[in-house]
Amino acid sequence: MEQTPKTPPAVLCDLFGRRLHYLRLSVTDRCNLRCTYCMPQGGVPKLPHAEILSLEELARVAQVAVSLGVDKIRITGGEPLLRRDLPLLLLSIHGLKPRPDLRLTTNGRLLEAHLPDLLASGVSTVNVSLDTLRPERYGAITGLDEREGAKAHAEVWRGIHAALDTGRIAVKINVVLLADQNRDELAAFARLSQDLPLAVRFIEYMPVGRRTPFSPGRFLAASQVTESLEGLGPLEPLPSRPGDGPAQRFRLAGAKGELGLINALSSHFCATCNRLRLSAEGLLVPCLFSDQTLDLKTVLRGGGDDEALAAALKAAAALKPRHHMQTPAGLQHSGCAMSRLGG
Ligand code: SAM
Ligand code: SF4
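Mapping the sequence shown onto the working numbering, position 65 (from 1) lands on 65, and the numbers just tick up by one.
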């Protein structure tokens, strides 16, 4: 009997049948903070401008990815709001058909000023990284002195409130769990979700990037968050929605917002991984914890057409491992600096 030739899938799938429909684009390696868990004290060497993908190149990748079924794109960095002309990229992604859900991860310092652009380009959600509610602590976490830290903290806080005030952009606060620096603030963060319509997400500290030393003593498992919140009453589990990320979602009774736990290390969520990352210098990174990457910039700059780009995206999808090998007891650094990749 004649076999019907198999047509290659029009969507991005890995070798384990996971559909990849979420692309994270890092648009810069520059940052206006030096978070201790993300960068070494002196920062990481800056990439020469020519090494960073242009906005046109990023827009092309987004367009080809959308043609392969990607329906969610996150802009990240470095600090993405430092990228000159970022609104042009956002608008061009907003114009894609079908229109992907466009999101942004930022440290929030420049958020207030950028909100009109984010609104104009239909950004649905901003994730603001904020690891302490205490202005006097912010500098020690982000590599600033105490005075500058308190000033920057106020900027972030204004950004969060201004984003909430738009009524059109959902706000999530990303809190990296740090045993030495915010363990005593978990309940305060959770109470924020009672008072404000936002999601507070507690994220396990991870070893990423060879240049940033990982301090096992700072690690705090997400499971300890629930213990710390016992005094606040029962945590009602929330169902996961289609396309939801790896966060386990909860709500405190009567809360306006919600809580999320992202236990990247203590419990693998690799089985449901749906994402592909592109670093600022144009490397496709199939797994945050793997050293295997695919150089998309060479394809882009070597005259590759859309088919070649699609083939490269599919090849990167095929490099995704079944799961990462990290455990809290057996941590290894992976190659790509977080500040070039965007978490
Ligand atoms: N600069 C932006 C920001 O801070 O939101 C975007 C880039 S930053 C690399 C993206 C996310 O990665 C942030 O939420 C940050 O807290 C997280 N991150 C960085 N290093 C991390 C680490 N070692 N473990 C866990 N999360 C980390
Ligand atoms: Fe902090 Fe984000 Fe900058 Fe890293 S890239 S130092 S997490 S603000």
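Heads up, the beta-carbon is just placed ideally off N, CA and C, and yes, glycines get one too.
Check, Outcome
"Relative to the C-alpha of Thr226, which candidate in Arg241, Arg201, Arg218 has its C-alpha closest?", "Arg201"
"Is it buried or exposed for Leu12, if we count other Cβ within 10 angstroms and need 16 for buried?", "buried"
"Comparing the CB of Thr166 with every heavy atom of the ligand SAM, is any distance shorter than 7 Å?", "no"
"Excluding sequence positions up to five away, which residues of its chain have a Cβ less than 8 Å from the Cβ of Leu82?", "Thr28, Arg30, Cys31, Asn32, Leu110"
"Less than 8 Å between the CB atoms is what I'm expecting for Pro87 and Ile93, so what's the real figure, rounded?", "The pair is not a contact, with the Cβ atoms about 11 Å apart (cut-off 8 Å)."
"Is Met206 near the ligand SF4, judged by its Cβ being under 7 Å from some heavy atom?", "no"
"Taking Cβ to Cβ, would you say Ala222 is nearer than 8 Å to Pro234?", "no"
"Taking 7 Å as the cut-off, does the CB of Glu79 come closer than this to any heavy atom belonging to the ligand SAM?", "yes"
"Nearest CA to the CA of Leu104: which residue from Gly43, Leu25, Arg34, Asp131?", "Leu25"
"Helix, strand or coil: which one does DSSP assign to Glu79?", "coil"
"Could you check what DSSP says for Arg191 in three-state terms: helix, strand or coil?", "helix"
"Which residues does DSSP pair with Pro237 in a beta bridge?", "Phe250"
"Is Leu309 helix, strand or coil by DSSP?", "helix"
"Report yes if the C-beta distance between Leu186 and Ser129 is below 8 Å; otherwise report no.", "no"
"Just confirm the distance between the C-beta atoms of Ala113 and Pro135, as a whole number of angstroms; I'd bet it's less than 8 Å.", "Not really, about 20 Å apart at Cβ, beyond 8 Å."
"Going by beta-carbon coordinates alone, are Leu47 and Glu236 separated by less than 8 Å?", "no"
"Report whether the distance from the Cβ of Ile160 to the nearest heavy atom of the ligand SAM is below 7 Å.", "no"
"Out of Asn263, Arg218, Pro216, Leu259, which has the shortest C-alpha to C-alpha gap to Ala190?", "Leu259"
"Would you kindly work out how many angstroms separate the C-alpha atoms of Leu91 and Pro246, rounded to a whole number?", "28 Å"
"For the beta strand (DSSP E) containing Leu25, list its first residue and its last residue.", "22-26"
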